[in-house]
Ligand SMILES: Cc1cc2nc3c(=O)[nH]c(=O)nc-3n(C[C@H](O)[C@H](O)[C@H](O)COP(=O)(O)O)c2cc1C
């Protein structure tokens, strides 16, 4: 348990709230950034796809750095997640991880057609015998409580859930994370927290609730539907409001200054770039303890961290208004911005910022929208934008295409 989570955080609340695994999002650089915005109690890596040939023995040093050389340098715990179909292959990669962490999580929920097509992710839920054999295989290869499962409520319908739950309830796993939607739902509709509650009544291990926590109000409402739970993860809600973990701890919405917002996004850009271009320089800063405490909503702390990272990457301090990073790093800034803007006052939803060619253009347009040099920005969840983040439109579009 990290320094912060065993002291201040647990005194504030008994709930343990983590950053959900998100493929394409929760890589090391992003996890570090979330530790600075509002420090979740724990984070999960995105799934690492494991096949017979990949990865062969070693995983990339940045995949789960928090549990290897850089252990104890963070204010959050890390759960590595693997995805595969063969317990034997998963054992090969899980074994070195397990010498550094108490359990690994196994993805049985990814709905992507490519993943399901190879019978991994939520494809494992399609036939209950397949799922049962898979879980038994993992248990005999990895051992009791050496793995956890993250799954959906079914493949096509919630009616499959009781059978799937029976299989996991009998397994000796360390925890079950339930995203209570089916594979067919993808991210549309609402997560069924009554099923999460049902799981908590059937299982002797902890259940982690997942789905639709977007602010303190929704957290209160959903957690009341599953009153036995004290562990939760937040995915899209954290993209829409990266300060959500603070909101939940303090039970009130968060306001940040425009300077904090732009400096934090510039920090995000540099973190992405450092991981790719010079991870050793980043590791040196981490080892020095620069990520042990959080910048939170404090302008000076963000400025200090940005300064150090800018020096590490460029050998100099580059003001945010002049910052330029590689396309791939800037694309990640846009990805965060695309979600974050929905929590800001409505004028920030306008699309020109997403069309910026580089970070300095983005910073210029952002400050232009602010009108004054210093303004305060309330971060508020707005239900009217849910459709953007549920993929509902794409889904309907796909259905339409299938019928045409
Ligand atoms: C972009 C994206 C990527 C995701 N990648 C993963 C993943 O790698 N592993 C996993 O178990 N779940 C993944 N999920 C599912 C989330 O962890 C979470 O269970 C789901 O989004 C519901 O929670 P939310 O409403 O808080 O987003 C992903 C979700 C999103 C939106």
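In full-length UniProt numbering, the protein residues as written are 1 to 404.
Where is the CB? At the ideal position from N, CA and C, for every residue including glycine.
Limits of the alpha helix (DSSP H) - the one that residue 329 falls within: Position 329 of the chain shown, counted from the start, is the residue given in the question as residue 329. That run of the alpha helix (DSSP H) goes 327-340.
Sufficient close CB pairs (3 or more, under 8 angstroms) joining the region 341-361 to the region 222-235: As far as the Cβ criterion goes, the region 341-361 does not touch the region 222-235, which means the pair count is below three.
Inter-residue spacing [alpha-carbon to alpha-carbon] between residue 359 and residue 274: Within the chain shown, the letter at position 359 stands for residue 359. Within the chain shown, the letter at position 274 stands for residue 274. Taken atom to atom, the span from the alpha-carbon of residue 359 to that of residue 274 is near 16 angstroms.
Residue 155 CB to nearest heavy atom of ligand 1 below 8 angstroms: On the chain shown, residue 155 is found 155 positions in, with the first residue counted as 1. No, the beta carbon of residue 155 sits no closer than 8 angstroms to any heavy atom of ligand 1.
Short Cβ contact (9 angstroms threshold) for residue 477 with residue 389: It is not possible to answer for residue 477, since the shown part of the chain is limited to 1 through 404.
Residue environment, residue 280, which counts as buried when at least 16 other CB atoms sit within 10 Å: Translated into positions along the chain shown, residue 280 becomes position 280. So residue 280 counts as exposed.
Near ligand 1: residue 199 beta-carbon under 8 angstroms from a heavy atom: Taking the chain shown and counting its residues from 1, one reaches residue 199 at position 199. Because no heavy atom of ligand 1 lies under 8 angstroms away, the Cβ of residue 199 does not count as near it: no.
Other residues of its chain near residue 144: CB distance less than 6 angstroms, five sequence neighbours each side excluded: Within the chain shown, numbered from 1, the residue matching residue 144 stands at position 144. Excluding its 5 nearest sequence neighbours in each direction, residue 144 has C-beta neighbours in its own chain below 6 angstroms: 172, listed in chain order.
Given 8 angstroms, three or more beta-carbon pairs between the region 51-63 and the region 83-98: Contact annotation: the region 51-63 touches the region 83-98, with at least three C-beta pairs closer than 8 angstroms.
Residue 94: CB within 8 angstroms of a non-hydrogen atom of ligand 1: Residue numbering aside, residue 94 sits at position 94 when the chain shown is read from its first letter. Residue side-chain check: residue 94 keeps its Cβ at 8 angstroms or more from all non-hydrogen atoms of ligand 1.
Assigned secondary structure, residue 172 (DSSP; H/G/I helix, E/B strand, else coil): Position 172 of the chain shown, counted from the first residue, corresponds to residue 172. In the three-state DSSP reduction, residue 172 falls in the coil class, being neither helix nor strand.
Residue 21 beta carbon near ligand 1 (any heavy atom closer than 8 angstroms): Counting from 1 along the chain shown, the entry for residue 21 is found at position 21. Because some heavy atom of ligand 1 lies under 8 angstroms away, the Cβ of residue 21 counts as near it: yes.
Outcome for residue 197 when other beta-carbon atoms lying within 10 angstroms are tallied against a minimum of 16: Mapped onto the chain shown, residue 197 falls at position 197. Counting Cβ neighbours within 10 Å, residue 197 comes out buried, since at least 16 surround it.
Short Cβ contact (9 angstroms threshold) for residue 269 with residue 332: If you number the chain shown from 1, residue 269 lands on position 269. If you number the chain shown from 1, residue 332 lands on position 332. Yes, these two residues count as a Cβ contact at 9 angstroms.
Anticipated Cβ contact below 8 angstroms, residue 37 with residue 80, distance rounded: Position 37 of the chain shown holds residue 37. Position 80 of the chain shown holds residue 80. Not really, about 22 angstroms apart at Cβ, beyond 8 angstroms.
Any non-hydrogen atom of ligand 1 closer than 8 angstroms to residue 37 Cβ: Position 37 of the chain shown, counted from the first residue, corresponds to residue 37. For ligand 1, not one heavy atom lies less than 8 angstroms from the Cβ of residue 37.
Extent of the continuous alpha helix (DSSP H) to which residue 285 belongs: Translated into the one-based positions of the chain shown, residue 285 becomes position 285. Element bounds for residue 285: 279-287.
Nonlocal neighbours in the same chain, by C-beta distance under 8 angstroms from residue 225, ignoring five residues either side: Locating residue 225 in the chain shown gives position 225, counting from the first residue. Contacts found: 193, 194, 196 and 197.
Secondary structure of residue 180, DSSP reduced to three states: Reading the chain shown from its first residue, position 180 is the one you call residue 180. Correct three-state label for residue 180: strand.
Nearest residue (CA-CA) to residue 107, options 177, 278, 69 and 341: The residue given as residue 107 occupies position 107 in the chain shown. Nearest option by C-alpha distance: 177.
Beta-bridge pairing of residue 257 - partner residues as DSSP gives them: Start at 1 with the first residue of the chain shown, and residue 257 comes out as number 257. Beta-bridge analysis with DSSP links residue 257 to 376.
Cα-Cα separation between residue 397 and residue 188, rounded to whole angstroms: In the chain shown, the residue the question calls residue 397 occupies position 397. In the chain shown, the residue the question calls residue 188 occupies position 188. Because residue 397 sits at a pLDDT of 42, beneath the cut-off of 50, its placement in the model cannot be relied upon, and the point is left open.
Residue ranges of each alpha helix (DSSP H) within the region 25-77, 4 or longer: Within the region 25-77, the complete alpha helix (DSSP H) runs of at least 4 residues are 28-37.
contact_flag[the region 92-101, the region 121-129] where n(CB pairs < 8 angstroms) is 3 or more: With the cut-off at 8 angstroms, the region 92-101 and the region 121-129 do not touch.
Three-state secondary structure assigned by DSSP to residue 96: Position 96 of the chain shown, counted from the first residue, corresponds to residue 96. It is helical.
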